[in-house]
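Note that the protein sequences, when read in sequence, are chains A and B.
Just so you know, we're using our numbering here: the first sequence kicks off at 1 and counts up by one.
Just so you know, we're using our numbering here: the second sequence kicks off at 1001 and counts up by one.
Number of protein chains: 2
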Amino acid sequence: MTETRIDISTEEKIKEAARIVFTRKGYAAAKVRDIAAEADINLALVNYYFRSKEKLFEIIMTETIQGLFEKIQPIINNELTTVSEKLEGIVDHYIDLLLENPYLPLFVVNELMSGSDRFPKMTNNGNMFLHSHLFKQLWELRSGKKIEFHPVNIMMNMLGMIIMPFLARPLILRSGALKDEEFRGIIEQRKKLIPLWLNMMMNL
Amino acid sequence: MTETRIDISTEEKIKEAARIVFTRKGYAAAKVRDIAAEADINLALVNYYFRSKEKLFEIIMTETIQGLFEKIQPIINNELTTVSEKLEGIVDHYIDLLLENPYLPLFVVNELMSGSDRFPKMTNNGNMFLHSHLFKQLWELRSGKKIEFHPVNIMMNMLGMIIMPFLARPLILRSGALKDEEFRGIIEQRKKLIPLWLNMMMNL
DNA sequence: TTCTGTTTTAAACACTTGTTTAATTAAATT
DNA sequence: AATTTAATTAAACAAGTGTTTAAAACAGAA
Chain A
1 MTETRIDIST EEKIKEAARI VFTRKGYAAA KVRDIAAEAD INLALVNYYF RSKEKLFEII
61 MTETIQGLFE KIQPIINNEL TTVSEKLEGI VDHYIDLLLE NPYLPLFVVN ELMSGSDRFP
121 KMTNNGNMFL HSHLFKQLWE LRSGKKIEFH PVNIMMNMLG MIIMPFLARP LILRSGALKD
181 EEFRGIIEQR KKLIPLWLNM MMNL
Chain B
1001 MTETRIDIST EEKIKEAARI VFTRKGYAAA KVRDIAAEAD INLALVNYYF RSKEKLFEII
1061 MTETIQGLFE KIQPIINNEL TTVSEKLEGI VDHYIDLLLE NPYLPLFVVN ELMSGSDRFP
1121 KMTNNGNMFL HSHLFKQLWE LRSGKKIEFH PVNIMMNMLG MIIMPFLARP LILRSGALKD
1181 EEFRGIIEQR KKLIPLWLNM MMNL
């Protein structure tokens, strides 16, 4: 054990707190005072370390998105794997990420929808998908008549099936339809099921 | 033509404006002054007609959710239709609704996630799904070994595949991957494709 | 018209919220 | 130890925001 992490720098404390509060409440509802409280530091320190709320937000976003795509990039650009293998990799990785950070998808989409251009980094990463080896393979499936629709449909379906349970979770739990452990179990099963379903769609 | 709708009551004007601003920006970011401006009425009138921002929000939410489920209820409880037919109906109806109101899913989920219990009506409607004829049919599929997983997976997949494109739209359009007409075209195709894909999952 | 109740308005109020300031404490440097 | 620099704090500021007020405009009835 090299780093017991007993004492983190104030700067890092603020960033972790900001991640929590921003993702939980969204940009507008997340107050600087909330972040300071969550980090257990003085209010003024937020602006001392990160000139403004907006700047802090940008940094958090950039790091989050960056980290996400850095892990997915090698998967979707591996020239040695099949489409199915790639999708398995993405699904598995993505679900793990969301299990740790359930509010992330909502957060991302929410800020994206607000149209306020608060994080421009996103758009570039979107392009990364389109120029990936995976996408090339999907286009080949199309020209080979294995699928009769635009490849983007596969991506939408994959992401939709991955994300949906996390969006619906509060509703599902509150309604009592499932207990939390059951929910976790279903999520875990879906890691295997989603790639299977996607294969069916591609006639593989 | 009985009602050319030239002059709507102030109360209705505020509600329509609130719907627009709330769904576009979320509860916290939607300012009462924005709503007043959108409705083109005096600021104080908002509180005159609806005692508070919170009350106004509750009313909007209740009406929206109510309207949504009222249209879906007869579909999922029709005892004369097959699972596939029901799913076709839901998909078709839901997509049409979202085409008119693209911000709705984000809005709903967002407010749901905030956990602030700003609209309790939702939970009841969630139960409606679980006690529907559709759900009974899905359970029968399970006991008949047509599907080897919890029926709730079908619902999640359906909703995920329906909603995902709308969540991703801003990203897709900004990245230039698709033009707006192409996007609309794909959505239209998905009305047919999603039920097909769902059938595959259920081995139907 | 005059009276009555309703609707609308401009202004103000009270509180929130992002940011800054000026002073204090802690740490590093000489 | 003395000096300088960085980190932290409580307080204040200015703009924003939900809500209220008190007066004005309006509509219908007597």
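Beta carbons are placed, not taken as given, at the ideal position from N, Cα and C, and that holds for glycine.
Reducing DSSP to helix, strand and coil, say where Ala1177(B) ends up. Reduced to three states, the DSSP call for Ala1177(B) is coil.
For the alpha helix (DSSP H) containing His150(A), list its first residue and its last residue. In the DSSP assignment, His150(A) falls outside any alpha helix (DSSP H), carrying neither H nor E.
Flag Trp1139(B) as yes if its beta-carbon sits less than 7 Å from any beta-carbon of chain A, otherwise no. By this cut-off, Trp1139(B) is not an interface position.
Is it true that the region 1053-1067 of chain B meets the region 54-66 of chain A, where meeting means three or more beta-carbon pairs spaced less than 8 Å apart? The region 1053-1067 of chain B makes no contact with the region 54-66 of chain A; the number of CB pairs closer than 8 Å stays below 3.
Just to confirm, is the Cβ distance from Ile1266(B) to Tyr1094(B) under 7 Å? Lying outside 1001 to 1204, the shown extent of chain B, residue 1266(B) is not represented and no answer is given.
By Cβ distance, which residues of its chain are closer than 6 Å to Asn1203(B), with the 5 residues on each side in sequence left out? Answer for Asn1203(B): Lys1146, listed in chain order.
Mind checking the region 157-170 of chain A against chain B and listing, in chain order, the residues whose C-beta falls within less than 7 Å of any C-beta there? Residues of the region 157-170 of chain A whose Cβ lies closer than 7 Å to any Cβ of chain B, in chain order: Asn157, Leu159, Gly160, Met161, Ile163, Met164, Pro165, Leu167, Ala168 and Pro170.
For a test of the three-state rule: what should DSSP assign to Gly185(A), helix, strand or coil? In the structure shown, Gly185(A) sits in a helix (DSSP, three-state: H, G or I).
For Glu16(A) and Pro1165(B), the rounded distance between their alpha carbons: Taking the straight line from one Cα to the other gives about 31 Å.
Cα separation between Leu99(A) and Pro1102(B)? Leu99(A) and Pro1102(B) have their C-alpha atoms roughly 27 Å apart.
Let me know the secondary structure DSSP gives Tyr103(A) once reduced to three states. Of the three classes helix, strand and coil, the one that applies to Tyr103(A) here is coil, per DSSP.
Classify Thr1004(B) as helix, strand or coil using the three-state DSSP reduction. Summary for Thr1004(B): the model assigns pLDDT 32, below 50, so the residue's position carries little reliability; its value from the coordinates is reported in the next sentence. In the three-state scheme derived from DSSP, where H, G and I count as helix and E and B as strand, Thr1004(B) is classed as coil.
Quick check: is the beta carbon of Leu1128(B) nearer than 7 Å to any beta carbon in chain A? A quick correction: the sequence has Met, not Leu, at residue 1128(B). No, its Cβ sits nowhere closer than 7 Å to a Cβ of chain A.
Mapping DSSP to helix, strand and coil, what is Asn127(A)? Under the three-state reduction of DSSP, Asn127(A) is assigned to helix.
Return yes when the Cβ of Ala1028(B) is within less than 7 Å of the Cβ of Ala28(A), no when it is not. Against a cut-off of 7 Å, the Cβ pair of Ala1028(B) and Ala28(A) comes out as a contact.
Nearest residue (CA-CA) to Glu88(A), options Pro195(A), Met201(A), Lys53(A) and Val108(A): Here the closest residue by C-alpha is Pro195(A).
Cβ atoms of Thr1064(B) and Ile1041(B): under 7 Å apart, would you say? In this structure, Ile1041(B) sits away from Thr1064(B), with a CB-CB distance that is not shorter than 7 Å.
Identify each residue in the region 1143-1157 of chain B for which the Cβ-Cβ distance to at least one residue of chain A is less than 8 Å, and report them in chain order. Closer than 8 Å at the C-beta level to chain A, one finds these residues of the region 1143-1157 of chain B: Phe1149, His1150, Val1152, Asn1153, Met1156 and Asn1157.
Considering only the alpha carbon of each residue, which of Ile1076(B), Leu1130(B), Pro1074(B) and Val1021(B) lies closest to Lys1053(B)? Looking at the Cα atoms, Val1021(B) is the closest of the given residues.
Looking at the unbroken alpha helix (DSSP H) that takes in Leu43(A), where does it start and where does it end? For Leu43(A), the enclosing alpha helix (DSSP H) covers residues Leu43 to Tyr49.
Can you confirm whether Met61(A), when its beta carbon is compared against all beta carbons of chain B, has any partner nearer than 7 Å? It does not; no Cβ of chain B falls within 7 Å.
For a test of the three-state rule: what should DSSP assign to Asn1205(B), helix, strand or coil? Since the first and last residues shown for chain B are 1001 and 1204, residue 1205(B) lies out of range.
Inter-residue spacing [alpha-carbon to alpha-carbon] between Leu171(A) and Ile1076(B): In a straight line, the C-alpha of Leu171(A) is about 19 Å away from that of Ile1076(B).
For Phe1139(B), count the other beta carbons within 10 Å of its own beta carbon; 16 or more makes it buried, fewer makes it exposed. Which is it? For clarity, residue 1139(B) is Trp in the given sequence; the question names Phe instead. Classification for Trp1139(B): exposed.
7 Å Cβ cutoff met for Met1158(B) and Leu1104(B): In this structure, Leu1104(B) does not lie closer than 7 Å to Met1158(B) by Cβ.
Classify Ser1132(B) as helix, strand or coil using the three-state DSSP reduction. Coil.
Asn153(A) classed as buried or exposed, judged by whether at least 16 other C-beta atoms fall within 10 angstroms: With 16 or more other Cβ atoms within 10 Å, it is buried.
Between which two residues does the alpha helix (DSSP H) carrying Asp1040(B) extend? Counting along the chain, no alpha helix (DSSP H) covers Asp1040(B), and no H or E run does either.
Assumed close pair Gln73(A), Met128(A) - CB separation to whole angstroms, cut-off 8 Å: A Cβ-Cβ separation of about 7 Å places Gln73(A) in contact with Met128(A) under the 8 Å criterion.
Please list, in chain order, all residues of the same chain as His150(A) whose beta carbon is under 8 Å from its beta carbon, the five residues on each side excluded. Closer than 8 Å at Cβ, skipping near neighbours: Arg142.
So that I know if they touch, is there some Cβ in chain B lying closer than 7 Å to that of Ser175(A)? Look at Ser175(A): its C-beta is under 7 Å from a C-beta on chain B.
Along chain A, which residues have their Cβ under 8 Å away from the Cβ of Met1201(B)? Under the 8 Å cutoff, chain A gives Trp197 and Met200.
When the Cα atoms are used, what is the spatial distance from Ala168(A) to Asp180(A)? In this structure, the straight-line span from the alpha carbon of Ala168(A) to that of Asp180(A) is close to 12 Å.
Short CB-CB distance (under 7 Å) between Ile1217(B) and chain A: This structure does not reach residue 1217(B), given that chain B is present from 1001 up to 1204, and the question cannot be answered.
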